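Per UniProt numbering, the sequence shown starts with residue 1, numbered consecutively.
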Amino acid sequence: MKLLVTGGAGFIGSEFVRAALGDRLPGLSGAAVTVVDRLTYSGNRANLAPVAGDSRFRFVHGDICDAGTLADAVPGHDAIVHFAAETHVDRSLVGAERFVRTNVLGTQALLDAAQRHGVGRFLHVSTDEVYGSIVEGSWVETAPIAPTMPYAATKAAADLLALAHHRVHGLDVVVTRCTNNYGPYQFPEKMIPLFVTNLLDGRRVPLYGDGRNVRDWLHVFDHCRALALVLRSGRAGEVYHVGGGTELTNVELTERLLAACGAGWDSVDNVPDRRAHDLRYSLDITKIRTELGYEPSVGIVAGLAETVAWYRDNRAWWEPLKPAADAGAGPRTGQLVAR
Ligand SMILES: NC(=O)c1ccc[n+]([C@@H]2O[C@H](COP(=O)([O-])OP(=O)(O)OC[C@H]3O[C@@H](n4cnc5c(N)ncnc54)[C@H](O)[C@@H]3O)[C@@H](O)[C@H]2O)c1
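Shown next as structure tokens:
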């Protein structure tokens, strides 16, 4: 199977590529992988260093919005796994234009290219944030989408475009929506790597508002296993939820990260809450469980311990990224954090 992976130099995309080429994903043994990545601030060739010498791997430095790049890269592939996106919510609150460009127009360009070049399956990787907040219970795949901030709005638009291409043109589209991922190689502007790398440097960490926001935390490898199952066996035109990690408030997560890094609450700054900060996301994963046999495999205790150990052992990976992460938008980043 020949896979085209967009955004494969980012956090989740690179995990998918390393795992696919390591023959660790169900149904994808022996697959060849072409990565198309623009290498924005969050894309990093170092994330693909472990597979750089693999004869089944090819890297194309290019933009999914660019028709010429897609005309060169897309033909000859059996499937597209579409990760490429602008992904940081805080940055989308400061300026949403590049989110619309990549997440909406880029997805549209990729759908057109898939159609034009006869690619079989198009797996669009999306997020639980498209539904907005849910106080109790969990969203099912048929729930109406109601995104509350620009990042989620652009992802929702892309989801709808992908599903429309299935209905109108018969493109073999599947959409996944996953909860919050954690693990190695995540750009250190997102909560877990930001907190861990700050604490490992003896710096303070910024906790939004009262810290009562709830997220379901899933190890990135489990997300990639689920993507492989959907890619192989998901039904065309369907949405599949991925989750089943552990729901934690930000206070509970902070507590665990402080303990893992040997720090106390005196290392925490309470900063003003993110604007339009959704209180809770939660997904029902019955569909992927019953149809495709998905179960998460990495428990939160072992997963967080392994993740913190990875950042402790791979300082050379994240140290060069800290200035760009600190320069990002929002109270979580920038000088406010440094003190
Ligand atoms: N991180 C999460 O917790 C999470 C949860 C659910 C869904 N997702 C989705 O998974 C996907 C990957 O997320 P991530 O956390 O790995 O993001 P990331 O920011 O780490 O990686 C994004 C990648 O896309 C590339 N990219 C950006 N714009 C591009 C363009 N125009 N052309 C080509 N490449 C471009 C970047 O260089 C980078 O390598 C996204 O679509 C995101 O919405 C993420």
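The beta-carbon is built from N, C-alpha and C at its ideal position, and this holds for glycine as well. These numbers come from a predicted model, not from an experiment.
Task: Start-to-end residues for the alpha helix (DSSP H) that takes in W317 - done: R315 to W318
- [ ] Mark S92 as exposed unless 16 or more other C-beta atoms lie within 10 angstroms of its C-beta, in which case mark it buried.
- [x] buried
TODO: Measure the C-alpha to C-alpha separation of A73 and G7 and round it to an integer number of angstroms.
DONE: 13 Å
Open item on the list: If I follow the unbroken beta strand (DSSP E) through residue 410, where does it start and stop?
Closed with: No information on residue 410 is available, as it lies outside the stretch 1 to 339 that the chain covers here.
Open item on the list: Once the 5 residues before and after R235 are set aside, which same chain residues still bring their CB inside 8 Å of it?
Closed with: V174 and E291
TODO: Kindly examine ligand 2 and report whether one of its heavy atoms sits closer than 7 Å to the Cβ of T286.
DONE: With respect to ligand 2, the structure offers nothing, as its ligand set consists of ligand 1.
TODO: Indicate whether the contact test is met: 3 or more Cβ pairs, each with one atom in the region 291-300 and one in the region 139-154, closer than 8 Å.
DONE: no
- [ ] Give a yes or no on whether the C-beta atoms belonging to I12 and V36 are separated by under 8 Å.
- [x] no
- [ ] Consult DSSP for R45 and reduce its assignment to one of helix, strand or coil.
- [x] helix
Task: Which listed residue (V268, A158, A309 and H223) has its alpha carbon closest to that of N103 - done: A158
Open item on the list: When you measure from the CB of A325 to every non-hydrogen atom of ligand 1, does any distance come out below 7 Å?
Closed with: no
Task: Cut-off 7 Å between Cβ atoms - residues of its own chain near H223, not counting five sequence neighbours on either side - done: I12, C178, N181 and V242
- [ ] Measure the C-alpha to C-alpha separation of G202 and L257 and round it to an integer number of angstroms.
- [x] 13 Å
TODO: May I have the straight-line CA-CA distance separating A84 from E319, to the nearest angstrom?
DONE: 24 Å
- [ ] Would you please state the rounded distance, in angstroms, between the beta carbons of P184 and T87? I believe it to be under 8 Å.
- [x] No, P184 and T87 are not in contact; Cβ-Cβ is about 17 Å, not under 8 Å.
Open item on the list: Please identify the residue among D210, W139 and H124 whose C-alpha is closest to the C-alpha of G244.
Closed with: W139
Task: Terminal residues of the alpha helix (DSSP H) in which T102 lies - done: Unbroken run through T102: none, as it is neither H nor E.
Task: Integer Cβ distance of P75 from H124, believed to fall under 8 Å - done: The Cβ separation is near 20 Å, so there is no contact.
Task: Neighbourhood of S267 by C-beta distance below 7 Å, restricted to the same chain and skipping five residues each side - done: L199, R204, V205 and L258
- [ ] Could you tell me whether the Cβ atoms of residue 340 and A162 are closer together than 8 Å?
- [x] Coverage of the chain is limited to positions 1 through 339, which leaves residue 340 absent and any answer about it impossible.
TODO: Consider the C-beta atom of R38 and the heavy atoms of ligand 1; say whether any pair is separated by less than 7 Å.
DONE: yes
Task: Alpha carbon of L3 to alpha carbon of R56, nearest angstrom - done: 10 Å
- [ ] Can you tell me which of the three DSSP states V119 falls into?
- [x] coil
Task: Which listed residue (R38, G68 and N44) has its alpha carbon closest to that of G62 - done: R38
Task: Identified DSSP bridge partners for D216 - done: E247
Open item on the list: Taking 8 Å as the threshold (C-beta atoms), are V196 and C261 in contact?
Closed with: yes
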